[in-house]
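> My structure is below; once you've seen it, I'll send some questions.
Protein chains: 2
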Amino acid sequence: MDPRTQGRSDARQEQLDRVFGALADRTRRAMLDRLAAGPARVTELAAPFAMSLPAVSRHLKLLEEARLVERRVDGRVHHCSLSRDALQDVEGWLQQYRSFWQGSLKSLARYVESGRGKPRRSLKSQHRKDKHGR
Amino acid sequence: MDPRTQGRSDARQEQLDRVFGALADRTRRAMLDRLAAGPARVTELAAPFAMSLPAVSRHLKLLEEARLVERRVDGRVHHCSLSRDALQDVEGWLQQYRSFWQGSLKSLARYVESGRGKPRRSLKSQHRKDKHGR
DNA sequence: GCAATAGTTAACAATTCTGTTAACAATTGC
DNA sequence: GCAATTGTTAACAGAATTGTTAACTATTGC
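Chain order of the listed sequences is A and B. Position 86, counted from 1, in the first sequence is what this note's numbering calls 86; the numbers after and before it change by one each time, with no gaps. If you want this note's numbering, it's the 1-based position in the second sequence plus 134.
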């Protein structure tokens with residue numbers, strides 16, 4: 001199955017749910033920002049936030065389940081670091097839309113964006129019915 | 135402010151919340167998939183889903199608020215199409231992490247991933263205290 | 001051993017999300 | 001005009017999210 005076009009695999013959809021869900025929170029994005037500067041333990045990761053440690057602990061758990069973060073337990077200290085895995089999932093998903101931006105549908109996109117204009121011929125679903133232009 | 139490094143703008147964080155939140159649902163991702171093939175009206179967009187029209191209508195509203203979808207109203211028909219705006223926000227956010235993957239921190243990432251190995255010198259936060267390797 | 005440290009899990013409350021059905025508004029076509 | 005079409009908004013129920021505090025486990029260092 002072409003990894004660029006398949007979007008029906010349930011496991012893949014669940015993974016995308018987890019990744020985008022994890023990224024949909026600014027606290028978690030800030031944690032990723034911090035980790036992009038280098039590994040950190042949980043307490044370090046929690047320090048900037050006006051939030052209890054258990055709250056941070058569960059944000060971290062979500063990031064880990066989304067495979068955005070990896071954890072190495074060393075005694076009582078948990079070392080966290082960025083993982084590339086899940087962000088590659090995002091890249092792969094985005095790739096699907098890059099073809100839309102850059103490919104033959106670009107002019108159609110602009111056409112619809114403006115509400116009028118000159119779409120290329122031979123593009124399906126033209127819906128040219130707007131008589132009064134919005 | 136450098137758009138690659140700034141992550142504190144509240145408006146930008148809200149926009150990222152909206153975009154990632156919108157993408158964190160497989161129904162909405164499927165709607166985007168459909169729109170990548172060309173514009174569609176709401177009923178067309180709703181057809182594949184075992185879901186009421188009001189439910190689809192609100193998914194669509196979220197996609198629009200996240201600037202992932204644009205709408206042109208033509209009489210009673212709403213024509214929907216992909217917008218590039220929000221996906222560019224995602225691209226911009228991801229760019230921050232591409233430097234992590236490809237840049238000087240790559241070896242450190244591998245170091246932490248494996249739990250040992252040879253990190254480059256002069257990288258902060260090394261935490262080399264693991265005596266028993268684990 | 002025992003106190004301090006690092007972090008998780010449990011239980012709970014407040015909020016947000018996602019779906020439903022019912023009612024509504026606007027446009028189209030006869 | 002009026003019935004059918006297209007789509008939204010309102011009101012509500014159930015589930016998921018996100019935070020809290022309290023209790024717990026495991027490890028470290030004296």
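Built from N, CA and C at the ideal position, the CB exists for glycine as well.
What are the boundary residues of the alpha helix (DSSP H) that includes Leu32 of chain A?
For Leu32 of chain A, the enclosing alpha helix (DSSP H) starts and ends at Arg26 to Ala36.
> On the DSSP bridge assignment, give the partners of Asp74 of chain A in chain order.
A:Val77
> Answer with yes or no whether the minimum CB distance from Ala145 of chain B to chain A is below 8 angstroms.
no
> Mapping the DSSP letters down to three states, classify Leu68 of chain A as helix, strand or coil.
Of the three classes helix, strand and coil, the one that applies to Leu68 of chain A here is coil, per DSSP.
> Quick check on Leu53 of chain A: buried or exposed, where buried means 16 or more other Cβ atoms within 10 Å of its Cβ?
That one is exposed.
> Measuring CB atoms only, is the segment 18–31 of chain A touching the segment 152–160 of chain B, in the sense that at least three cross pairs come out at less than 8 angstroms?
Contact holds: three or more Cβ-Cβ distances are below 8 angstroms.
> Output needed in chain order: residues of the segment 41–55 of chain A with a Cβ under 9 angstroms from some Cβ in chain B.
Arg41 and Glu44
> Once DSSP output is grouped into helix, strand and coil, what is the label at Ala40 of chain A?
strand
> When the Cα atoms are used, what is the spatial distance from Tyr97 of chain A to Leu62 of chain A?
26 angstroms
> Along chain B, in chain order, which residues have C-beta atoms closer than 7 angstroms to that of Asp89 of chain A?
Those do not exist, as Asp89 of chain A stays about 11 angstroms from chain B at its closest Cβ, beyond 7 angstroms.
> Starting from Ala158 of chain B, find everything on chain A with Cβ-Cβ shorter than 9 angstroms and list it in chain order.
Leu16, Asp17, Arg18, Val19, Phe20, Gly21, Ala22, Leu23 and Ala24
> Just checking: is the beta-carbon of Leu60 of chain A within a distance shorter than 8 angstroms of some beta-carbon in chain B?
no
> Within 10 Å of its beta-carbon, does Val190 of chain B have 16 or more other beta-carbons around it, so buried, or fewer, so exposed?
If you draw a 10 Å sphere on the C-beta of Val190 of chain B, you find 16 or more other C-beta atoms in it, and that means buried.
> For the ligand NAP, is there any heavy atom lying closer than 7 angstroms to the beta carbon of Arg84 of chain A?
Among the ligands in the structure shown, none appear at all, so the ligand NAP cannot be discussed.
> What residues of chain A sit near Arg210 of chain B, judged by a beta carbon separation below 7 angstroms?
Within 7 angstroms Cβ-Cβ: nothing; Arg210 of chain B doesn't reach chain A, min ~11 angstroms.
> How should Gly75 of chain A be labelled, buried or exposed, when 16 other C-beta atoms within 10 angstroms of its C-beta is the threshold for buried?
exposed
> If Leu169 of chain B sits next to Asp223 of chain B, beta carbons under 8 angstroms apart, how far is it from one beta carbon to the other, in whole angstroms?
The pair is not a contact, with the Cβ atoms about 17 angstroms apart (cut-off 8 angstroms).
> Between Ser81 of chain A and Pro48 of chain A, what straight-line distance do the alpha-carbon atoms span, to the nearest angstrom?
17 angstroms
> Have a look at His79 of chain A and Arg28 of chain A and give me their C-alpha separation to the nearest angstrom.
16 angstroms
> For chain B, check one thing: does any of its Cβ atoms lie closer than 8 angstroms to the Cβ of Arg67 of chain A?
no
> Taking the straight line between their C-alpha atoms, what separation do you get for Arg72 of chain A and Leu32 of chain A?
16 angstroms
> I need the boundaries of the alpha helix (DSSP H) containing Phe183 of chain B, first residue and last residue.
Looking at the DSSP string, Phe183 of chain B is not in any alpha helix (DSSP H), and its letter there is neither H nor E.
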